[in-house]
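One structure below.
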Amino acid sequence: MKHQITFTVNGDEVSILVDPWKTLNEVLREDLNLTGTKLGCGTGDCGACTILLDGRSVNSCLTLAVSVNGKSVQTVEGLAPSGEELHPVQDAFIKAGAIQCGFCTAGMEMSAVYLLGQNNSPDENQIRAGLSGNLCRCTGYNQIVEAISMAAASLRDARPEGVKQ
Amino acid sequence: MRLPHFEYAAPRSLDEALRLLAEAGEEARVMAGGTDLIVRMKHGLLKPGFVISLAEIEELRPISFDRRKGLSIGATARLAEVASHAEIKRRYPAVASAAEKTANVQVRNMGTVGGNICNAAPSADNAPTLIAMGAEAVIAGGKGKRSVPLDRFFKGPRLTALEPDEILTAIQVPVPPPYSGASYQHLSARGRVDISAVCVGAMTVFEGSTCREIRIALGAVGPKPLRALEAENLLKGQSWTADMIDSAGRKAAEEARPISDVRASAEYRRQMVDVLTRRAVLEARSMAGKRRR
Numbered sequence: 002m003k004h005q006i007t008f009t010v011n012g013d014e015v016s017i018l019v020d021p022w023k024t025l026n027e028v029l030r031e032d033l034n035l036t037g038t039k040l041g042c043g044t045g046d047c048g049a050c051t052i053l054l055d056g057r058s059v060n061s062c063l064t065l066a067v068s069v070n071g072k073s074v075q076t077v078e079g080l081a082p083s084g085e086e087l088h089p090v091q092d093a094f095i096k097a098g099a100i101q102c103g104f105c106t107a108g109m110e111m112s113a114v115y116l117l118g119q120n121n122s123p124d125e126n127q128i129r130a131g132l133s134g135n136l137c138r139c140t141g142y143n144q145i146v147e148a149i150s151m152a153a154a155s156l157r158d159a160r161p162e163g164v165k166q
Numbered sequence: 002m003r004l005p006h007f008e009y010a011a012p013r014s015l016d017e018a019l020r021l022l023a024e025a026g027e028e029a030r031v032m033a034g035g036t037d038l039i040v041r042m043k044h045g046l047l048k049p050g051f052v053i054s055l056a057e058i059e060e061l062r063p064i065s066f067d068r069r070k071g072l073s074i075g076a077t078a079r080l081a082e083v084a085s086h087a088e089i090k091r092r093y094p095a096v097a098s099a100a101e102k103t104a105n106v107q108v109r110n111m112g113t114v115g116g117n118i119c120n121a122a123p124s125a126d127n128a129p130t131l132i133a134m135g136a137e138a139v140i141a142g143g144k145g146k147r148s149v150p151l152d153r154f155f156k157g158p159r160l161t162a163l164e165p166d167e168i169l170t171a172i173q174v175p176v177p178p179p180y181s182g183a184s185y186q187h188l189s190a191r192g193r194v195d196i197s198a199v200c201v202g203a204m205t206v207f208e209g210s211t212c213r214e215i216r217i218a219l220g221a222v223g224p225k226p227l228r229a230l231e232a233e234n235l236l237k238g239q240s241w242t243a244d245m246i247d248s249a250g251r252k253a254a255e256e257a258r259p260i261s262d263v264r265a266s267a268e269y270r271r272q273m274v275d276v277l278t279r280r281a282v283l284e285a286r287s288m289a290g291k292r293r294r
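So the protein lines, in turn, are chains A and B. Counted the way our numbering counts, the first sequence spans residues 2 to 166. Counted the way our numbering counts, the second sequence spans residues 2 to 294.
In C-alpha cells form, the structure reads like this:
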C-alpha cells in the first residue's frame with residue numbers, strides 16, 4: 002500500500018505518494034530529481050547520501066521515505082538555493098581544492114554544515130571525527146579538512162555570535 | 002541496492018504497536034532507527050512482510066534519570082542523544098562513551114541504543130558497559146511488562162530473550178553506587194567507525210582500597226556478550242595489586258570464546274581481551290576514586 006507523505010525539501014513543501022520500501026534517497030533522486038544527493042554504498046558506510054533531517058545529518062539510503070512525513074529535509078541543492086551564490090562551505094571546498102571526482106562532495110558538505118552548526122571552531126581532530134561517516138577515495142582528506150577549517154573561519158567572520166544552520 | 006517489498010505502519014502508541022505486532026506475528030519486524038534493520042533487509046538477510054516503526058511513539062523516546070530507579074534510556078533514544086546527554090555524561094560517562102564510539106555521525110543520528118541491543122550482534126558496542134552496570138531490558142508484550150537483566154537478554158548471535166509479540170521499551174540502568182566507576186574499551190581495525198573487533202566494559206565499587214563489587218563484560222569474543230566471571234572473582238573483595246590485575250586480564254582472555262573472522266583472528270582477540278580488560282578495570286577504579294557519590 003502506498004502512503005501519502007508531506008514534508009519539506011529545502012524549504013519547499015512536497016506531497017507525494019510513496020511505496021513503503023522506497024528510501025528517501027530514491028525519492029529525492031528519482032521522484033524529485035534532486036540528484037545532488039548521491040548513492041554510494043547504500044548501507045550507511047560511505048556518507049555520499051548524507052542529508053539533514055530536521056537538522057540532523059543522516060544517511061538518506063537508510064531512511065525510509067515514508068518515515069519523513071511531517072519532517073524537514075535539507076539537501077546539497079538547499080545550500081545554494083539561487084544556484085549562483087554558493088554556501089561558505091561550498092566556496093571553501095573550491096578554494097581548498099577539496100574535490101577530485103566529486104562523488105563524495107555533496108555528502109561531505111552536508112556533514113560539514115552539520116558539524117559547523119554544532120561547533121563553530123572545530124580543531125582538526127574534531128573535523129576528522131565529524132567526517133567519520135564520509136568516505137573519499139581521491140583526496141586523502143587533507144584538503145577537505147582544510148576546506149572545513151576555512152569555512153568555519155568565514156562563517157565566524159560573517160556571524161561572530163555563532164554559526165546557525 | 003533496493004529494499005524488498007513490505008507493508009509499513011508507524012503507530013503512535015505502544016498499545017497500538019503491540020496489537021499490530023501480535024496480529025502480524027513472525028511476519029513483522031519492529032524498527033527503531035533502522036540503521037541495522039534496513040541494511041540487513043538490503044542484504045537479503047531479512048525479508049519481513051511488515052515493518053512496524055516505533056519512531057512516532059512519544060513514550061518510547063525519553064531519556065530520564067530518577068535518584069532511586071536510575072537511568073531510563075527509551076527504546077528510540079538515539080545514540081547521539083545518549084552520547085551527548087548531560088545527565089548521562091555526568092553520572093554514567095562510560096554509557097555515553099560507548100554510545101559515542103558506536104558507528105559514525107550519521108548512524109548515531111539515526112540509530113538507537115535500544116536497537117543496538119535488540120540487533121544482538123556479539124560486537125554491539127553498547128552491550129558490555131550496560132551489562133557491567135547491571136542494566137535491565139524493560140519489555141512490553143501481550144502478557145504485560147517484564148524486565149530481563151541484560152546479561153540474560155542475549156541468547157546468541159542476533160538472538161534475544163524477546164518473544165515474537167514483545168517490544169523492548171527501555172533500558173534501565175541502576176544508580177551507580179558511591180565510589181563506583183565504569184569504563185568502556187574497544188579496538189577495531191580503523192580505531193573508529195568500523196565494527197569493534199574486541200570490546201570490554203567494566204564496573205567496580207570500592208570501599209577504601211577494597212573492591213566490593215566488580216562486573217566485567219566482553220564483546221565480539223563469543224556468540225553473545227559474555228561476563229568474565231572468573232576474572233571478576235580474582236578481583237572481588239581484594240585490594241588490587243599489579244599481579245592481580247594481570248591475572249584477571251589473563252583469566253578474562255581464557256574465558257573469551259573468540260573466532261577468527263574478517264575483523265581479527267581469534268588469537269589476536271584473545272590477547273586483546275587481556276589488554277582491554279586490564280585497561281577497563283584500571284580506568285573503572287580510577288573513575289571510582291573520583292566519584293564520591
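Beta carbons are placed, not taken as given, at the ideal position from N, Cα and C, and that holds for glycine. Computed from a predicted structure; not experimentally measured.
Please report the straight-line C-alpha distance between residue i and residue j, rounded to a whole angstrom.
i: S124 of chain B; j: A218 of chain B; result: 11 Å
i: L21 of chain B; j: P49 of chain B; result: 14 Å
i: D158 of chain A; j: V276 of chain B; result: 47 Å
i: R92 of chain B; j: G290 of chain B; result: 14 Å
i: E125 of chain A; j: G118 of chain A; result: 16 Å
i: L236 of chain B; j: V28 of chain A; result: 56 Å
i: R191 of chain B; j: A265 of chain B; result: 12 Å
i: V15 of chain A; j: T7 of chain A; result: 6 Å
i: E233 of chain B; j: V83 of chain B; result: 28 Å
i: A154 of chain A; j: P89 of chain A; result: 10 Å
i: I89 of chain B; j: E268 of chain B; result: 35 Å
i: G35 of chain B; j: L25 of chain A; result: 13 Å
i: E199 of chain B; j: T278 of chain B; result: Glu is not the amino acid found at residue 199 of chain B; the sequence shown has Val there. Looking at the two C-alpha atoms, the distance is approximately 10 Å.
i: A122 of chain B; j: D262 of chain B; result: 14 Å
i: R69 of chain B; j: Q144 of chain A; result: 51 Å
i: R147 of chain B; j: M273 of chain B; result: 36 Å
i: V194 of chain B; j: A243 of chain B; result: 33 Å
i: G26 of chain B; j: P165 of chain B; result: 7 Å
i: G71 of chain B; j: V139 of chain B; result: 13 Å
i: D13 of chain A; j: E31 of chain A; result: 17 Å
i: V96 of chain B; j: I53 of chain B; result: 27 Å
i: L227 of chain B; j: G145 of chain B; result: 28 Å
i: M111 of chain A; j: T51 of chain A; result: 6 Å
i: G142 of chain B; j: L55 of chain B; result: 14 Å
i: A253 of chain B; j: D37 of chain B; result: 29 Å
Going by the DSSP bridge assignment, what does residue i pair with across the sheet?
i: E17 of chain B; result: DSSP, once it has assigned bridges, lists no residue as partnering E17 of chain B.
i: V19 of chain A; result: A:H4
i: A87 of chain B; result: A87 of chain B pairs with nothing; no bridge assigned.
i: Y185 of chain B; result: B:G202
i: R228 of chain B; result: B:A218
i: T130 of chain B; result: None, per the DSSP bridge assignment.
i: I149 of chain A; result: Bridge partners of I149 of chain A: none, in fact.
i: C298 of chain B; result: Lying outside 2 to 294, the shown extent of chain B, residue 298 of chain B is not represented and no answer is given.
i: D173 of chain A; result: The structure shown does not extend to residue 173 of chain A, since chain A is modelled only from 2 to 166, so the question has no answer here.
i: D183 of chain A; result: This structure leaves residue 183 of chain A out entirely; chain A is present only between 2 and 166.
i: G142 of chain B; result: B:G145
i: D67 of chain B; result: B:G71
i: T51 of chain A; result: A:N60
i: Y9 of chain B; result: B:V52
Take residue i as the anchor and find which of the options has the nearest alpha-carbon.
i: P150 of chain B; options: B:P175, B:Y269, B:S197; result: B:P175
i: A78 of chain B; options: B:A265, B:Y185, B:I172; result: B:I172
i: I246 of chain B; options: B:S266, B:I89, B:F66, B:E284; result: B:E284
i: N34 of chain A; options: A:E78, A:G71, A:N70, A:M2; result: A:E78
i: M109 of chain A; options: A:L18, A:C137, A:P82, A:V74; result: A:C137
i: D16 of chain B; options: B:T170, B:T242, B:E214, B:A128; result: B:T170
i: A107 of chain A; options: A:H4, A:N135, A:T24; result: A:N135
i: F7 of chain B; options: A:A153, A:T38, A:L53, A:V67; result: A:V67
i: S150 of chain A; options: A:G48, A:C139, A:P123; result: A:P123
i: T211 of chain B; options: B:R286, B:E57, B:V263; result: B:R286
i: E57 of chain B; options: B:D152, B:S14, B:L80; result: B:S14
i: K3 of chain A; options: A:L40, A:V19, A:D13; result: A:V19
i: R3 of chain B; options: A:V10, A:S73, A:P21; result: A:P21
i: D67 of chain B; options: B:S181, B:P177, B:W241; result: B:P177
i: Y180 of chain B; options: B:Q186, B:M204, B:S189, B:L188; result: B:M204
i: V201 of chain B; options: B:S189, B:A11, B:L80; result: B:S189
i: A229 of chain B; options: B:L61, B:R271, B:E256; result: B:E256
| Three or more C-beta pairs below 8 Å linking the region 214-232 of chain B and the region 132-141 of chain B | yes
| Are there three or more Cβ pairs, one per stretch, closer than 8 Å when the region 105-121 of chain B is compared with the region 125-135 of chain A? | yes
| field | Members of the region 51-69 of chain A near chain B, C-beta cut-off 9 Å | value | T51, L54, R57, S58, V59, N60, C62, L63, T64, L65, V67, S68
| message | With three or more beta-carbon pairs closer than 8 Å as the criterion, would you say the region 153-162 of chain B touches the region 11-31 of chain B? | response | no
| message | Would the region 60-77 of chain A count as touching the region 38-49 of chain A if we require 3 or more Cβ pairs under 8 Å? | response | yes
| query | Mind listing which residues of the region 97-114 of chain A have their C-beta closer than 8 Å to chain B's C-betas, in chain order? | reply | S112
| Can we say the region 109-123 of chain B touches the region 67-76 of chain B, given the rule of at least three CB pairs closer than 8 Å? | yes
| task | Check distances from the C-beta atoms of the region 14-25 of chain A to those of chain B and list, in chain order, the residues that come in under 9 Å. | result | D20, P21, W22, K23, T24
| Chain-ordered residues of the region 39-57 of chain B with a beta carbon less than 8 Å from chain A | I39, V40, K43, H44, V52, S54, A56
| task | Select from the region 174-206 of chain B all residues with a C-beta closer than 7 Å to any C-beta belonging to chain A, and list them in chain order. | result | R193, V194
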